[in-house]
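Single-structure report; data block below.
2 protein chains.
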Amino acid sequence: MTTFVTMDKLINYLLEFGQLNQQQIDLIKRKAQVLELKKGDYFSEAGKIPKQVAFIEEGILRVCYYNSEGDEITKYFVDENNFAVDINSFNQKIPSSEYVQAVTDCTLLVFSTESLNDLSATIIQWDAIIYKITEKALVEKVNKLSPMLAEDAKTRYLSFLEKFPNLANRIPLSYLASYLGITQSSLSRIRKSI
Amino acid sequence: MTTFVTMDKLINYLLEFGQLNQQQIDLIKRKAQVLELKKGDYFSEAGKIPKQVAFIEEGILRVCYYNSEGDEITKYFVDENNFAVDINSFNQKIPSSEYVQAVTDCTLLVFSTESLNDLSATIIQWDAIIYKITEKALVEKVNKLSPMLAEDAKTRYLSFLEKFPNLANRIPLSYLASYLGITQSSLSRIRKSI
DNA sequence: AAAAACTTTTGCCATTTGGCAAATAATGAA
DNA sequence: TTCATTATTTGCCAAATGGCAAAAGTTTTT
Numbered sequence: 003m004t005t006f007v008t009m010d011k012l013i014n015y016l017l018e019f020g021q022l023n024q025q026q027i028d029l030i031k032r033k034a035q036v037l038e039l040k041k042g043d044y045f046s047e048a049g050k051i052p053k054q055v056a057f058i059e060e061g062i063l064r065v066c067y068y069n070s071e072g073d074e075i076t077k078y079f080v081d082e083n084n085f086a087v088d089i090n091s092f093n094q095k096i097p098s099s100e101y102v103q104a105v106t107d108c109t110l111l112v113f114s115t116e117s118l119n120d121l122s123a124t125i126i127q128w129d130a131i132i133y134k135i136t137e138k139a140l141v142e143k144v145n146k147l148s149p150m151l152a153e154d155a156k157t158r159y160l161s162f163l164e165k166f167p168n169l170a171n172r173i174p175l176s177y178l179a180s181y182l183g184i185t186q187s188s189l190s191r192i193r194k195s196i
Numbered sequence: 003m004t005t006f007v008t009m010d011k012l013i014n015y016l017l018e019f020g021q022l023n024q025q026q027i028d029l030i031k032r033k034a035q036v037l038e039l040k041k042g043d044y045f046s047e048a049g050k051i052p053k054q055v056a057f058i059e060e061g062i063l064r065v066c067y068y069n070s071e072g073d074e075i076t077k078y079f080v081d082e083n084n085f086a087v088d089i090n091s092f093n094q095k096i097p098s099s100e101y102v103q104a105v106t107d108c109t110l111l112v113f114s115t116e117s118l119n120d121l122s123a124t125i126i127q128w129d130a131i132i133y134k135i136t137e138k139a140l141v142e143k144v145n146k147l148s149p150m151l152a153e154d155a156k157t158r159y160l161s162f163l164e165k166f167p168n169l170a171n172r173i174p175l176s177y178l179a180s181y182l183g184i185t186q187s188s189l190s191r192i193r194k195s196i
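Here it is, written out as structure tokens:
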């Protein structure tokens, strides 16, 4: 089933980073493919070279990997109005060490490598826009991660609640715990203590 | 005193990310200014808009801030053959929340905002090169930070030793401890236990 | 509605880490 | 060298977090 999606969120997001005329907008819309994921579905798998990039219209994804002890770690969450991709693997065409899973039902707009190349070749500002988006996303990731090391688990949880008030209740405890770097039971106790 | 510096490291580093002819290389060398810092000197201060970017020819810098409890936190170290700048503040011209300090005596090659603009206007590949460098640096930061949350302090310390075998002995314990997210005494005990 | 599957909480205790202050050790200056 | 300064280690105990398994709570399926 293909739900009707306006792609307004995507276009508005892109327009934050550069100008686009109607013709360019239409082209972008044509290149984007709607992908609906159910909770628990995977968008990409570890060990494969990612060949597409997703913009999240609706829902939450998480990017995960297994650490040296074999525990599943949630590296970060990606929610509405953001792109999800393992930039490093995507650019360098190397197998990803991460996998991406839908935390909730999701509506994604997917761009294949070829579509992105077409857009890059056709829309003169495209590369600059993508560059700005990439840099902003990476800076945000660093700024989220850095303070986490310097604070205890309770503070990390409170910061998470503060920054993502609408995420905490949509995410299973175990995912959040591994993101915060603590065990599920510790998080449960921290939650009780508040 | 201005020491003679060949700038070879800088040029070789730039050439990893794009081609440059001799004329362009000479221009870059002319735009770079050598800055010698003594251990403990500051390269930039919190609260100010950064107006220069440093390439580290020799030495180690650290990027720091004060957390909510007023503790000084080492966000990360930057060593030879890397650029140091608060990208976010630099690009957006907003006051930095970080400051940059020399951990060891350093030889830096400094580019002012104006120099960078000149290079960008004169060298056609400049922006693309800077973009690749920026992206790579940010991806590396994320990849360093992410696993740290998922591991205990001893493992974090061992990984640090593994990744930066030549850094650990050049860095005061307190700096390293705050980078690893633990107290100095804990790090001392961890070190003893190995 | 009942059963099954999954998620969250809790108890118990071990281990890790923190906080503080004093003791050592190392470094740099006179 | 000697003193002063700074960095590191250590002791003592408290607090935070982990590991494991069982209990309680939710959601989904039949």
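Chains as they are written, first to last, in the working numbering: chain W, 3 to 196; chain V, 3 to 196. For each residue, glycine too, the CB sits at the ideal point set by N, CA and C.
Would you please state the rounded distance, in angstroms, between the beta carbons of Ala86(V) and Val105(V)? I believe it to be under 8 Å. With 8 Å as the limit, Ala86(V) and Val105(V) do not qualify as a contact, their Cβ atoms being about 11 Å apart.
For the segment 31-96 of chain W, which segments carrying the beta strand (DSSP E) assignment without a break, of at least 3 residues, lie completely within its bounds, in sequence order? 35-39, 44-46, 54-60, 63-68 and 74-80
Below-8 Å beta-carbon distance, Gly183(V) vs any chain W residue: yes
Rounded to the nearest angstrom, what separates Val80(V) and Glu18(V) at their Cα positions? Cα to Cα, Val80(V) sits roughly 18 Å from Glu18(V).
For Ala34(W), collect the residues of the same chain with a Cβ closer than 8 Å to its Cβ; drop the 5 residues on either side in sequence, then sort them by chain order. Met9, Leu12, Phe57, Leu111, Val112, Phe113 and Ser117
Let me know the secondary structure DSSP gives Gln24(W) once reduced to three states. Collapsing the DSSP output to three states places Gln24(W) in a helix.
Supposed close pair Lys165(W), Val144(V) - CB separation, criterion 8 Å: 17 Å between Cβ atoms; not a contact.
Which whole runs of the alpha helix (DSSP H) in the segment 136-185 of chain V are 4 residues long or more, in chain order? Within the segment 136-185 of chain V, the alpha helix (DSSP H) runs of at least 4 residues that lie entirely inside it are, in chain order, 155-165 and 175-182.
On a Cα-Cα basis, can you pick out the residue from Glu60(V), Ile125(V), Gln127(V) and Gln186(V) that is closest to Lys156(V)? When C-alpha distances from Lys156(V) are compared across Glu60(V), Ile125(V), Gln127(V) and Gln186(V), the shortest belongs to Gln186(V).
Beta-carbon neighbours of Thr115(W), restricted to chain V and to distances below 8 Å: The premise fails here: Thr115(W) is roughly 17 Å from chain V at the closest Cβ pair, so nothing lies under 8 Å.
Alpha carbon to alpha carbon, what distance is there between Leu175(W) and Gly72(V)? 31 Å
Could you give the uninterrupted runs of the alpha helix (DSSP H) lying entirely in the segment 94-128 of chain W, keeping only those of 4 residues or more? 115-124
Use the C-beta contact count for Gly183(V): other C-beta atoms within 10 angstroms, 16 or more gives buried, fewer gives exposed. buried
Can a CB atom of chain V be found closer than 8 Å to the CB of Ala104(W)? no
Own chain, CB closer than 6 Å to Leu163(V), minus 5 neighbours either side, in chain order: Ala170
Within chain W, partners of Glu153(V) - CB distance below 9 Å: Correct list: Asn69, Ser70, Glu71 and Gly183.
Taking Cβ-Cβ distances below 8 Å as the criterion, which residues of the segment 36-68 of chain W are in contact with chain V? none
Using 8 Å as the threshold, is the segment 125-136 of chain V in touch with the segment 21-32 of chain V, meaning 3 or more CB pairs across them? Verdict: yes, contact present.
Limits of the unbroken alpha helix (DSSP H) element including Ile13(V): That run of the alpha helix (DSSP H) goes Asp10 to Leu17.
Using CA coordinates, which residue listed in Arg32(V), Ile62(V) and Ile27(V) is at the minimum distance from Lys41(V)? Ile62(V)
Chain V beta carbons: is any one of them nearer than 8 Å to that of Ile89(W)? At least one chain V Cβ lies under 8 Å of Ile89(W).
Cβ neighbours of Asn69(W) in the same chain (closer than 8 Å, five flanking residues each side left out): Ile75
Name the chain V residues that come within less than 7 Å of Lys143(W), Cβ to Cβ? The contacting residues are Val144.
Secondary structure of Ser195(V), DSSP reduced to three states: coil
Best match in Tyr181(V), Tyr133(V) and Asp154(V) for proximity to Pro149(W) [C-alpha to C-alpha]: Tyr181(V)
Own chain partners of Leu140(W) with C-beta closer than 8 Å, once the 5 adjacent residues on each side are dropped: Ile89
State buried or exposed for Ala179(V), treating a residue as buried only when at least 16 other CB atoms are found within 10 Å of its CB. Its Cβ being crowded by 16 or more others within 10 Å, Ala179(V) is buried.
How would you label Glu59(W), buried or exposed, when you count the other beta carbons within 10 angstroms and need 16 or more for buried? buried
Leaving out five residues before and five after Ile131(V) in sequence, what residues of the same chain have Cβ atoms less than 7 Å from its Cβ? Leu16, Phe19 and Gly20
Can you pull out the residues from the segment 121-145 of chain V whose beta carbon lies closer than 7 Å to at least one beta carbon of chain W? Tyr133, Thr136, Glu137, Leu140, Val141, Lys143 and Val144
Should Met9(V) be flagged as near chain W, meaning a C-beta pair shorter than 8 Å? no
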